[in-house]
Structure formats: C-alpha cells, structure tokens
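Worksheet: the structure to be examined is printed underneath.
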Amino acid sequence: AQSVTQLDSQVPVFEEAPVELRCNYSSSVSVYLFWYVQYPNQGLQLLLKYLSGSTLVKGINGFEAEFNKSQTSFHLRKPSVHISDTAEYFCAVSTTGGSNYKLTFGKGTLLTVNP
Amino acid sequence: DGGITQSPKYLFRKEGQNVTLSCEQNLNHDAMYWYRQDPGQGLRLIYYSQIVNDFQKGDIAEGYSVSREKKESFPLTVTSAQKNPTAFYLCASTGQGAPEQYFGPGTRLTVT
C-alpha cells in the first residue's frame, strides 16, 4: 500500500513570490506521481505528472515538480505566483504495475496568494 | 468537447432517503472512479470500475452502491445506510494504458 503526506495544510504567500508545496510518498514499489489543483466548488484539474524519464516535470500555469526517488518526494514549485493561483493543491500517487491505476491522495495544501 | 459530466451540481435530501448521483463520460475511457471529499481529508475512493458490468469496492464503500451497465455511465447511489452522507462527490476516469485520472465538476450532496 502507498501513502502520501503533504507537509503543509496551508501556505500563504504574497503575489510574485516563489512558492514550494511539499509532498512525500511511501511505497514499496515503483510509482507514478501527480499534482492536481482544485478551485472552490470545482473538480480536480491535472497540473503535471511524473511517469518516467526526466525527474523535472513541467506542467500547466508555470508550475513544475521534481521527483526525488532517494527522498521519496515530489515537491511542486512556481517561481512567481499570481492571485489566480489561489486554490487547493493535491499530490497523488499510483503504482506502476498492472492496469489498475488507483490513486492515493494527500490531504491537500491550500495555497493563498495575497496582494 | 470530450469530458466528464456530473449532475446535479447541488443535491439536497432528507435523512433516510436513497439518492443517485450521475456520472457520464464521452472520453471512451475504460475505467471510472468515485471519490468522496470532506474538508481537510483529501479524496477517498468509494468504488471503481475497470470494465462494463464489473466494479470493485474502494476504501470507504459501506453505505454506497454502483452499477456499470454502459461504458460511459457510472452512477453512484448513496443509501440510507451511509451514516454521514453530506460531502462533495467526484467522479473520474482513465483511458487505457494511461494512469492519469480526469475529473468531473463534482456534486455537493447535503443530507438533513
């Protein structure tokens, strides 16, 4: 079984500042990793994914994440945030074996961008 | 436009009533999933289906039921046995060989 820990439940930042949302996972097998964003009362939108290859993954809206296998981490970063980035962000993991891609989610990090 | 639709957006029911949430996708995806979201809890898997006429329990299946009679449809019934049904319910799907899940807009169920 796998698990995901998002280390911060809330992250307040000022507009144009850099931000890092932290995610650690636990799994005994190889994993796929994802970051999703959720705006209030909406579904989840895929920001980026790591399946294989380069450990630095670029996503939509200027976000990127780096897969670190030795530290079992997949932190999300953006060099300069906007007010519109205010949302909840979820890290998720699934195992790579078989055809069953069940996701295990972290509890989310609420990013609040202040003017 | 391809996507996942969930209806209605908001649903209100009295305690003791069963209620069915709709999920439809036109992405030709094989697998579909139902999640429950509560504040501060992340998403928890209720049921999933990898193929028509087959489905499996997730982590919190008690008090819920599903059916998968058509590839594009995966309705969720919240029964009166579910002790705390008020929540935000999200449906998702994945294509063959692709692990990323795509989500619908969600249904907010309030039971009083």
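As given, the protein sequences belong to chains A and B, one line each in that order. Going by the working numbering, the first residue of the first sequence is number 219, and it counts up by one from there. Going by the working numbering, the first residue of the second sequence is number 58, and it counts up by one from there. Quick reminder that beta carbons are idealized off the backbone N, C-alpha and C, glycines included.
Nearest-angstrom beta carbon gap, residue j and residue i [assumed within contact, 8 Å]
i	j	result
Leu-329/A	Ala-305/A	6 Å
Asn-83/B	Glu-129/B	6 Å
Cys-80/B	Ile-103/B	About 11 Å separates the two Cβ atoms, so there is no contact after all.
Gln-107/B	Ala-88/B	5 Å
Gly-152/B	His-86/B	5 Å
Ile-301/A	Pro-258/A	Not quite, the Cβ-Cβ distance comes to about 14 Å (not below 8 Å), so this is no contact.
Thr-314/A	Ser-248/A	4 Å
Minimum Cβ-Cβ distance from residue i to chain B less than 8 Å
i	result
Gln-260/A	yes
Gly-326/A	yes
Lys-267/A	yes
Lys-276/A	no
Ser-245/A	no
Phe-281/A	no
Tyr-257/A	no
Phe-308/A	yes
Ser-312/A	yes
Beta carbon proximity, residue i to chain A, threshold 8 Å
i	result
Phe-131/B	no
Leu-84/B	no
Ala-144/B	no
Phe-160/B	yes
Ala-88/B	yes
Leu-68/B	no
Thr-170/B	This structure gives no information on residue 170/B, because the portion of chain B shown stretches from 58 to 169.
Leu-100/B	yes
Element boundaries [beta strand (DSSP E), containing residue i]
i	result
Arg-101/B	100 to 108
Val-331/A	327 to 332
Tyr-243/A	241 to 244
Ala-219/A	Here Ala-219/A belongs to no beta strand (DSSP E), and DSSP marks it neither H nor E.
Ser-291/A	291 to 296
Leu-147/B	144 to 151
Gln-158/B	From DSSP, Gln-158/B is part of no beta strand (DSSP E); its letter is neither H nor E.
Arg-70/B	67 to 70
Ser-64/B	61 to 64
Thr-164/B	164 to 168
As assigned by DSSP and simplified to three states, the class of residue i
i	result
Asp-303/A	helix
Asn-259/A	coil
Ile-117/B	coil
Asn-75/B	coil
Asn-279/A	helix
Asp-111/B	strand
Leu-269/A	coil
Pro-230/A	strand
Val-247/A	coil
Ala-138/B	coil
Tyr-319/A	coil
Asn-286/A	strand
Leu-84/B	coil
The ligand HEM heavy atom lying under 7 Å from the CB of residue i
i	result
Pro-230/A	Of the ligands one can find in the structure shown there are none, so the ligand HEM has no counterpart to examine.
Handout entry: Stretch-stretch touch, CB-based, cutoff 8 Å, three pairs: the stretch 61 to 71 of chain B with the stretch 149 to 168 of chain B
Key = Segments in contact, yes.
Problem - Three-pair Cβ contact test at 8 Å for the stretch 93 to 113 of chain B versus the stretch 140 to 148 of chain B - result: Three or more beta-carbon pairs drawn from the stretch 93 to 113 of chain B and the stretch 140 to 148 of chain B are found closer than 8 Å, and the two stretches are therefore classed as touching.
Problem - the stretch 231 to 246 of chain A touching the stretch 137 to 144 of chain B, judged by at least three CB pairs closer than 8 Å - result: The stretch 231 to 246 of chain A is not in contact with the stretch 137 to 144 of chain B.
Exercise for the section: Kindly confirm or deny that the stretch 269 to 276 of chain A and the stretch 225 to 234 of chain A touch, where touching means at least three C-beta pairs closer than 8 Å. Expected result: No: the two stretches stay apart, fewer than three of their Cβ pairs being nearer than 8 Å.
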